[in-house]
Amino acid sequence: MIKNFVRFSTLSFALVSLFSAPAVQAAPAAEVTTLADAVGLVQVTEEGRTGYTRSKFKHWNSGADKSDGCNTRNEVLIAEAVVAPTVGAGCKLTGGTWVSYYDGQEVTSAGSLDIDHMVPLAEAWDSGASAWTATRREAYANDQGAHVSLVAVTARSNRQKSDQDPADWMPPSLDAGCRYISEWVSTKLRWQLTADDRELEALKVYADGPCEDTIVRYTPAA
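Sequential numbering of the sequence shown, starting at 85, is according to the working numbering.
Structure below.
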């Protein structure tokens, strides 16, 4: 009798625990669509830069792997190397080879590369990030949850781009155009950033023309 009571009590406790345990939230599903449809999902608003300073986006932080001793910049460099660099003490990188897709240049020194925010910090501020918390802006500035958010490119091409959107700057490599537009739109949708009229018209030119067969993949940021 006592054994049966113990079994019943144990079963009851297990059932209560099962139904009272908090549900595990599933990760957002990746969205896949055509470039034209993706451009149509970007909301259009006027942009404003009032109050922007680069310091409002904390970077580089300790990266996606807090235990590897590398900051976000170096983690991206390691991930994007076509020939892996040697990682020394303090995450010092030596050797390695990278290809900067903006201009097609092969680079063999990590110090010659910038890590570009696909949608520049100032542009992100203009198109929605001004209303974010400091924590969300830090997450944006160090985003490795999508491989298109941060990209290793030559310092020269990154500084030519500066904070310009595709209405005013496109990569000098003709082979990079459709990839760049798709990654720009992907980042805007991932972070629910808006576009102004000129930017949207520039995106449509590519979506309805040379990049009409391009596919956009994005996962909404948490």
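Note that CB positions come from ideal geometry on N, CA and C, so glycine has one too. Keep in mind the model is a prediction, meaning the values are calculated, not measured.
Rounded straight-line distance, which links the Cα of residue j to that of residue i
i	j	result
Ala194	Ile162	9 Å
Gly124	Gln276	13 Å
Val126	Ser139	27 Å
Pro304	Ala113	8 Å
Gln228	Val160	8 Å
Asp292	Cys262	11 Å
Pro178	Asp149	Rather than Pro, the amino acid found at residue 178 in this sequence is Thr. Taking the straight line joining both Cα atoms gives about 20 Å.
Gly174	Ser146	12 Å
Arg221	Lys142	7 Å
Ala236	Gln248	17 Å
Val191	Ala165	10 Å
Ala206	Gly212	10 Å
Pro106	Glu130	Because the pLDDT of Pro106 is 48, which lies under 50, any placement of that residue in the model is unreliable, and the question is left without a value.
Ala122	Asp252	20 Å
Val289	Met254	13 Å
Asp187	Pro256	6 Å
Residue i (DSSP reduced to helix, strand or coil)
i	result
Val126	coil
Trp182	strand
Ala230	coil
Asp152	coil
Gln189	strand
Thr117	strand
His143	coil
Tyr136	coil
Glu167	Reading the sequence as shown, one finds Val at residue 167 and not Glu. Val167: strand per DSSP, three-state reduction.
Asp198	strand
Val203	coil
Val108	With a pLDDT of only 47 at Val108, under 50, the local geometry of the prediction cannot be trusted, and no value is derived from it.
Cβ neighbour criterion (16 or more within 10 Å) applied to residue i
i	result
Lys272	buried
Gly135	exposed
Pro294	exposed
Ser246	exposed
Ala279	buried
Ser151	exposed
Asp210	buried
Asp200	buried
Val108	At Val108, the pLDDT of 47 sits below 50, so the modelled position is not reliable and the matter cannot be decided from this model.
Thr156	buried
Ala168	exposed
Ala230	buried
Ala306	exposed
Supposed close pair residue i, residue j - CB separation, criterion 8 Å
i	j	result
Ile299	Val128	That belief does not hold up - the Cβ atoms of Ile299 and Val128 are roughly 22 Å apart, past 8 Å.
Glu77	Met202	Not covered by the structure: residue 77. The range shown for the chain is 85 to 306.
Tyr308	Ala239	Nothing can be reported for residue 308: it is not among the residues displayed for the chain, which extend from 85 to 306.
Any non-hydrogen atom of the ligand SAM closer than 7 Å to residue i Cβ
i	result
Val167	The ligand SAM is absent from the structure shown, which contains no ligand whatsoever.
Ignoring anything shorter than 4 residues, give me the alpha helix (DSSP H) runs that lie fully in the region 226 to 295, in order along the chain. With a minimum length of 4 residues, the continuous alpha helix (DSSP H) runs that stay inside the region 226 to 295 are 239 to 245, 261 to 274, 281 to 291.
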